[in-house]
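Start counting the sequence shown at 2; every next residue gets the next number (the working numbering).
Working notes, beginning with the structure itself.
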Amino acid sequence: MPEGDTVYQAAARIRRAFEQKTLEYTQFRVPRYATTDLAGRTVESVRSIGKHLLIDVGDDLAIHSHLKMEGAWHVHRIGTRWRKPAYTARIVLRTDAAEAVGFDLGTTEMLAAPDAALAYLGPDLLGPGWDADRAVALISADPARPIGLALLDQHLMAGVGNVFRCEACFLRGVDPRRSVGDVDIPAMVDLCHRLLQANRTNRVRTTTGVTVSGRRYHVYGRGGRPCFRCGTPVSRNFLGEPDGFSDTDRVLYHCTTCQT
């Protein structure tokens, strides 16, 4: 599942191949931008903000994408065979030497004044201006809200998805349904920051330190299987605000023994 670390890595790959390079060819395979042509523009910067990816092309204009559940950006040399079906491509960008293709993107759009457009996001866990104190204050402002919902709210803190939500709550021994007011929020925010920082350059995401399939996470995706710590079957249920998150985001994994 793409989260802040995934988008950070995608931005880094595109940045290495495209930053300060001239776009020779662009194609947007979505109706709204089907006639948009950015050829001749220079890629000024490539950056991630939480789960959002921005490719700045000058004049305060940026290509904005969000991976949602299935999206991915692939970067390769011109002429390389695509690793995903062509019909899933939403954006194709080329310089004289490299090609970047955005597949199955949940959001594909051109943003004028992108920083203003994304100003609603909370502090970016992987951003250069990370502000832990502000994240703590924003989350703490609603003490009755379940911590498992607060961690997913990108208005409060940008970058956490369901994987890091479930894993952070486990590592803190906190039932995700517990109220924010009953949780050590500074410690939770610090852990989320450390988890994303630790995975921002990893080829394989892990919260256990193990990269073997089936053992990378303590609880996420392990419903019904024994907790690595106590042996209790990991619980799989739902927690969410119907209008706020996808069904997948509302799936909750936790250990009823280790988390209270």
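Note that beta-carbon positions come from the ideal geometry of N, C-alpha and C, so glycine has one too.
Predicted model only: the values in this text are computed from it and were never measured.
- Ends of the alpha helix (DSSP H) at S141? As a working note, residue 141 is residue 140 in the sequence shown. In the DSSP annotation of this structure, the continuous segment of the alpha helix (DSSP H) that includes S141 starts and ends at 133-141.
- Item | Limits of the beta strand (DSSP E) - the one that L172 falls within | Numbered from 1 along the sequence shown, position 171 holds the residue referred to as residue 172. Element bounds for L172: not the beta strand (DSSP E) but the alpha helix (DSSP H), 163-172.
- Item | Buried/exposed call for K52, threshold 16 Cβ in 10 Å | Taking the first residue of the sequence shown as 1, we reach residue 52 at position 51. The residue in question, K52, is buried, as its Cβ has 16 or more Cβ neighbours within 10 Å.
- Task: Please classify P187: does DSSP put it in a helix, a strand, or coil?
- Result: The residue given as residue 187 occupies position 186 in the sequence shown. In the three-state reduction of the DSSP assignment, P187 falls in the helix class, which pools H, G and I.
- Message: Could you tell me the alpha carbon to alpha carbon distance between M111 and H65, rounded to whole angstroms?
- Response: Against the sequence shown, residue 111 aligns to sequence position 110. Against the sequence shown, residue 65 aligns to sequence position 64. For M111 and H65, the gap between their C-alpha atoms comes out near 6 Å.
- Message: Quick check on N163: buried or exposed, where buried means 16 or more other Cβ atoms within 10 Å of its Cβ?
- Response: Taking the sequence shown and counting its residues from 1, one reaches residue 163 at position 162. So N163 ends up on the buried side.
- Minimum length 3: unbroken beta strand (DSSP E) runs contained in the region 178-241: The qualifying runs are 236-239.
- Message: Given this structure, state the Cα-to-Cα distance separating E45 from T27, to the nearest angstrom.
- Response: Counting from one through the sequence shown, the residue named residue 45 turns up at place 44. Counting from one through the sequence shown, the residue named residue 27 turns up at place 26. Their Cα atoms are separated by approximately 16 Å.
- Report yes or no: do three or more beta-carbon pairs, one from the region 181-190 and one from the region 132-139, lie closer than 8 Å? Segments in contact, yes.
- Quick one: what's got a C-beta closer than 8 Å to L231's C-beta in the same chain, skipping five residues either side? Counting from 1 along the sequence shown, the entry for residue 231 is found at position 230. Looking at the sequence shown, residue 231 is not Leu but Cys. So the qualifying residues of the chain are C256, T258, C259.
- How big is the Cα-Cα spacing for V211 and L39? For the purposes of this step, residue 211 is taken as residue 210 along the sequence shown, with counting starting at 1. For the purposes of this step, residue 39 is taken as residue 38 along the sequence shown, with counting starting at 1. Taking the straight line from one Cα to the other gives about 43 Å.
- Query: Using the rule of at least 16 other Cβ atoms within 10 Å of the residue's Cβ for burial, across every protein chain shown, is F104 buried or exposed?
  - Reply: On the sequence shown, residue 104 is found 103 positions in, with the first residue counted as 1. Counting Cβ neighbours within 10 Å, F104 comes out buried, since at least 16 surround it.
- Considering only residues of the same chain and omitting the five flanking positions on each side of R48, which have a CB-CB separation below 6 Å? Residue mapping note: residue 48 aligns to position 47 of the sequence shown, counting from 1. Contacts found: A12, L55.
- Message: Suppose you measure from the CA of A120 to the CA of Q155; what does that come to, to the nearest Å?
- Response: Taking the first residue of the sequence shown as position 1, residue 120 is located at position 119. Taking the first residue of the sequence shown as position 1, residue 155 is located at position 154. Distance between the alpha carbons of A120 and Q155: 11 Å.
- Query: At which residues does the alpha helix (DSSP H) containing Y9 begin and terminate?
  - Reply: Start at 1 with the first residue of the sequence shown, and residue 9 comes out as number 8. Counting along the chain, the alpha helix (DSSP H) containing Y9 begins and ends at 5-19.
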